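K.L.:
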Amino acid sequence: MQIQPKYFEKTQYIETLNGNKVSKGSILCGIMNIRLHGKTIIKPGVIVRGDLANVNIGRLSTVSENTVIRPSYKKFKGAVSYFPLNIGDHVLIEEGCVISAASIGSYVYIGKNCVISKRCILKDCCYIPDNTVLPPDTVVPSFTTFSGTPGRYIEDLPDCFEQYMKDYTTSIYESFLPINTLSKGRS
Amino acid sequence: MHSIRSNNHCSFNLYNDNNQILKYSCFCGKAFNLTELYYCNGCQQINCRYCITEEIDFHYCPNCIENLNSAEASVNGNKCKKCFECPVCFNTLTYSVIGSKDVNTVTSPPTAGVTSPTTTAATPTTGETYFLNCGFCKWNSLDLKDEFKFDMPSLKAKKESSIQQLQVNKSIEALNKEAAELTSLKDKKTINRIKLAQAMKHFLGPQSKHQKHNQRKNFNKVEDRWESTSMAHPVPHNHLVPTPPPGQTLLSEAAIAQRVQPITMTEADQMQQQRIDAREFETLDPLGDTVKYDDDITPFLRDQVTECDQVSSLDQRFKNIAHSSLSTSSIHPQRKHLITKRSKRCKRCDKLLVKSEISLTKTEFKRQHFAFTYVPRVQITRVLWIDNDIFEVFLQFTNPLHIPLFINFPMSIKGSFISTDDNSQPIDLCEHETYINGILDETDDLEKESIIQTLKQNENPRYIIDRKDNKLTMKFIGKVGIEEEQIAPKDNNNNEEITNLTIIHLTESLANLSTSTEIPKFNSQFKDIKFTITLEFSTSSLSTAPSTSSSTTTADKQQKTLLKLLFDIPSNKFENTLQQ
Ligand SMILES: [Zn+2]
Ligand SMILES: [Zn+2]
Ligand SMILES: [Zn+2]
Ligand SMILES: [Zn+2]
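Residue numbers (this note's numbering), protein chains in the order written: chain A, 44 to 230; chain B, 260 to 839.
Written as structure tokens, this is what we have:
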């Protein structure tokens, strides 16, 4: 089935010149340290802790409702130092997740209610199904599925996952429409 | 031939209900989600995972992402030298320093709660002793023997070998010799034999150089035998590799012997009898000595156990097969299993379909023939009832290529239009050839351009709904129930039999119901509506019919690909199904 268009109230979102759609119901702390690379969707209830360290979110990525993005830290010689958090392009993060990874590659799918603990590294093209808890310092290699509590290697992903995610995230972005177009949008 | 809806292999497709609705049939008849299929340029057909052969390119550790070739991997029993798995929760363990201030506090092991600051492998400091620590369940190796305490956060792997390994080495040697002889002659039969040899080689792993040395060592280390039977994981799917009988490993001597000896009739009868006997349970005298607590907690342990966590689970015992301890306190951490990167070949013509880069940091491929990037992608945009048991489907075809694709819905094919389990069939669809624009609409070919123009002029707006970029939306009408004469006899294996599709043109008023504002609701007979749409596609024009083409038939070597789309649409996805 084609992705059904999702309509949003135009007054509830801030649209930037390069196509980012950020909900007014989201909390972006330390907004100077947060960079959205364009065509990124931030849904309501999302908290991004840019006050702790830099957060970069790539193109055509979506962060769904009530997800918390919080840069991770490490105690080093008694002092706590925070790492910047980089999220790649074509990443889909579903609802209710806690993301404390050190880096998330491109073409990554993270299901509902996942916990990506401190300093995890997710490479390009990986899939984390719903309700997975990745323990601290977990490395998820390319083209793998990690699931369970604690999350561990389950199986390989189809080889065309990159193309699939490109297609999927693009259509998610294109079907996320302001409510005004509802009247003329349907044919 | 009837196509069958097969279960998608990847859990990624299983979790996603949407990816189960539409399946593409492979040439062999099994249908999967498009992402799990490949497309062979040589035979112009789809390959499913049963129609490819896999070869291991290299092994790597999922945690430290270290690349190893097959020889290196097999020396360590297909396990990583550095990384350990928690014996309790199977999380990857981290190396921690014992008592960051005083090295000599080993005698009084600190409790799990007061873990010293963890250090990464990158910063080894001399004079410190490391232990293994689980960041998830707080298990640590402090209570274990010195085997799991290290001077450095890396350690030498011990050599692992076994009786089986030595047996295997012998057969690999023989296979290697044979393969070398055979590569000189390459006809179809020998290719198959080379395949078998290669398959066996990959399955059994390459030869260890330290045979004799290990042979002696092996006498007093029984548990090594278990550790070295570990295989590369996941094992590539290969139809030439035999599957082990349940309860045995493939390389156990008993299993090898069993495969070599032919089974006689009397033996078969005996086995039958044994199977019958096995159904009757032996009655045991509860007081007699014959009662064995085979896998039970000993009375001694039973008194000790205060929490159920203290007894190891089956999973934990399977991972720890050398010890299989009943209590969690004495199970040992295991080395991390390596996983594999595999290249894939077409089983029909041996053409390379997928080959990944050796570098693990890139996701690029040296060769990528995914069906996803070669076959028109289909999405259902709308589905609704237009009368009792008559439904309308709007399909959006996406051309993944840069050049236009020509598609056609054949009215008669060899084989069957109906797939196994179908309860519906298309009855009204476009009978003329049409096309889907390429991604950039590059048509340097004038002849093609003219065909497209003619096709566009003759286009029937009844079926062609919309064109946009590389997308084409078309309409189909189907009905619940199957015409008997369209089902090719199932027991007849003659694939050459031709079946025809009957087209019923519905009245315009009925066919245009979807555009009206008020759509009445209808009952659905079935919970899922299953039907099959057959189409042909090619990069050159399919029919000779359009007025211009006289040369298209001869000059083009391009064949057309027959594609069967197997739909399985839950009735609640229909716009106007009456809810019960
Ligand atoms: Zn197949
Ligand atoms: Zn490793
Ligand atoms: Zn653990
Ligand atoms: Zn082929």
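Ideal Cβ positions, reconstructed from N, Cα and C, are used throughout, including at glycine.
Fair warning: this is a prediction, and the values are worked out from it, not measured in the lab.
Going by DSSP, which residues form a beta bridge with B:A290?
P.N.:
Its beta-bridge partners are B:R264, B:S284.
K.L.:
For B:N335, which residues in chain A fall below 8 Å Cβ to Cβ?
P.N.:
Residues of chain A passing the Cβ test: none, with the nearest at roughly 18 Å.
K.L.:
Is the Cβ-Cβ distance between B:Q655 and B:Q638 less than 9 Å?
P.N.:
Against a cut-off of 9 Å, the Cβ pair of B:Q638 and B:Q655 comes out as a contact.
K.L.:
Candidates B:D536, B:D704, B:E692, B:I698: which alpha carbon is nearest B:K715's?
P.N.:
Of B:D536, B:D704, B:E692, B:I698, the residue nearest in Cα terms is B:E692.
K.L.:
Please state if the CB of B:F291 and the CB of B:Y298 are separated by a distance shorter than 9 Å.
P.N.:
Contact flag unset, no.
K.L.:
Note the first and the last residue of the continuous alpha helix (DSSP H) segment covering B:Q529.
P.N.:
It spans 524-537 - the alpha helix (DSSP H) in which B:Q529 sits, taken as one unbroken run.
K.L.:
How far does the beta strand (DSSP E) with B:Q684 in it extend, from its first residue to its last?
P.N.:
B:Q684 -> beta strand (DSSP E) spans 683-687.
K.L.:
Who are B:T793's beta bridge partners in DSSP?
P.N.:
BP columns for B:T793 point to B:K823.
K.L.:
Using a beta-carbon distance below 9 Å, is B:R576 in contact with chain A?
P.N.:
So, not an interface residue.
K.L.:
I need the DSSP call for B:Y459, collapsed to helix, strand or coil.
P.N.:
Contrary to the premise, residue 459 of chain B reads as Met rather than Tyr in this sequence. B:M459 falls in the helix class under three-state DSSP.
K.L.:
So what's B:E313 in DSSP terms, helix, strand or just coil?
P.N.:
In the structure shown, B:E313 sits in a strand (DSSP, three-state: E or B).
K.L.:
Please confirm whether any heavy atom of ligand 3 lies closer than 8 Å to the CB of B:W644.
P.N.:
Incorrect: B:W644 has no Cβ contact closer than 8 Å to ligand 3.
K.L.:
If distances are taken between C-alpha atoms only, which option among B:R641, B:M670, B:K578, B:L821 comes closest to B:F343?
P.N.:
Nearest of B:R641, B:M670, B:K578, B:L821 to B:F343, Cα basis: B:K578.
K.L.:
State the Cα-Cα distance for the pair A:Y50 and B:C302, rounded to the nearest angstrom.
P.N.:
Straight-line Cα distance between these residues: approximately 45 Å.
K.L.:
Can you give me the C-alpha to C-alpha distance between A:G9 and A:T175, rounded to a whole angstrom?
P.N.:
As shown, chain A starts at 44 and ends at 230. That puts residue 9 of chain A outside it, with no answer to give.
K.L.:
Using the C-alpha atoms, what's the distance from B:S800 back to B:I710?
P.N.:
When rounded, the distance between both Cα atoms is 7 Å.
K.L.:
For the beta strand (DSSP E) holding A:V134, just list the boundary residues, first then last.
P.N.:
Per DSSP, A:V134 belongs to no beta strand (DSSP E) and is neither H nor E.
K.L.:
Shortest alpha-carbon distance to A:G148 belongs to which of A:I100, A:I215, A:L95?
P.N.:
If we check each option's Cα against that of A:G148, A:I100 comes out closest.
K.L.:
Quick one: give me the first and last residue of the beta strand (DSSP E) that A:I130 is part of.
P.N.:
It spans 128-130 - the beta strand (DSSP E) in which A:I130 sits, taken as one unbroken run.
K.L.:
With burial defined as no fewer than 16 other Cβ atoms inside 10 Å of the residue's Cβ, what is the status of B:R604: buried or exposed?
P.N.:
B:R604 should be labelled buried.
K.L.:
Here's the rule I'm using: 16 or more other beta-carbon atoms within 10 Å means buried, otherwise exposed. How should B:R264 be labelled?
P.N.:
The residue in question, B:R264, is buried, as its Cβ has 16 or more Cβ neighbours within 10 Å.
K.L.:
Determine the burial state of B:N266: buried for a count of at least 16 other Cβ atoms within 10 Å of its Cβ, exposed for fewer.
P.N.:
Result: exposed.
K.L.:
List the endpoints of the continuous alpha helix (DSSP H) containing B:K707.
P.N.:
705-716 is the span of the alpha helix (DSSP H), which, as asked, contains B:K707.
K.L.:
Do we get a CB-CB distance below 9 Å when we pair A:S185 with the residues of chain B?
P.N.:
Yes, because at least one Cβ of chain B sits closer than 9 Å to the Cβ of A:S185.
K.L.:
Go ahead and label B:K780 buried or exposed: buried means 16 or more other beta carbons lie within 10 angstroms of its beta carbon, across all protein chains shown.
P.N.:
Exposed: under 16 other Cβ atoms inside 10 Å.
K.L.:
May I ask you to verify whether the segment 642-649 of chain B touches the segment 304-320 of chain B, counting CB pairs closer than 8 Å and requiring at least 3?
P.N.:
With the cut-off at 8 Å, the segment 642-649 of chain B and the segment 304-320 of chain B do not touch.
K.L.:
Find the nearest neighbour of B:S797 within the set B:P635, B:K823, B:L705, judged by alpha-carbon distance.
P.N.:
Out of B:P635, B:K823, B:L705, B:P635 has the C-alpha closest to the C-alpha of B:S797.
K.L.:
Considering only residues of the same chain and omitting the five flanking positions on each side of A:P193, which have a CB-CB separation below 8 Å?
P.N.:
So the list reads V176, L177, P178, T181, once near-sequence residues are dropped.
K.L.:
Can you tell me whether DSSP reads B:K832 as helix, strand or coil?
P.N.:
Reduced to three states, the DSSP call for B:K832 is helix.
K.L.:
Give the secondary structure of B:M670 by DSSP, where H, G and I count as helix, E and B as strand, and everything else as coil.
P.N.:
Looking at B:M670 - three-state DSSP - the assignment turns out to be coil, as it is neither helix nor strand.
K.L.:
Is the shortest distance between the beta-carbon of B:L822 and the beta-carbons of chain A less than 9 Å?
P.N.:
Output row for B:L822: interface = no.
K.L.:
Closer than 7 Å by C-beta to A:L71: which residues in its own chain qualify, once you throw out the five before and the five after it? Chain order, please.
P.N.:
So the list reads I77, V91, G93, once near-sequence residues are dropped.
K.L.:
In the DSSP assignment, what residue or residues form a beta bridge with B:G737?
P.N.:
Partner(s): B:F650, B:P685.
K.L.:
Just checking: is the beta-carbon of B:A527 within a distance shorter than 9 Å of some beta-carbon in chain A?
P.N.:
Chain A contact via Cβ: absent.
K.L.:
Which term fits A:I46, buried or exposed, when burial requires 16 or more other beta carbons within 10 angstroms of its beta carbon?
P.N.:
Label assigned to A:I46: exposed.
K.L.:
Please list the partners that B:M593 has in chain A, where partner means a Cβ-to-Cβ separation under 7 Å.
P.N.:
Note that residue 593 of chain B corresponds to Gln in the displayed sequence, not to Met. Within 7 Å Cβ-Cβ: nothing; B:Q593 doesn't reach chain A, min ~12 Å.
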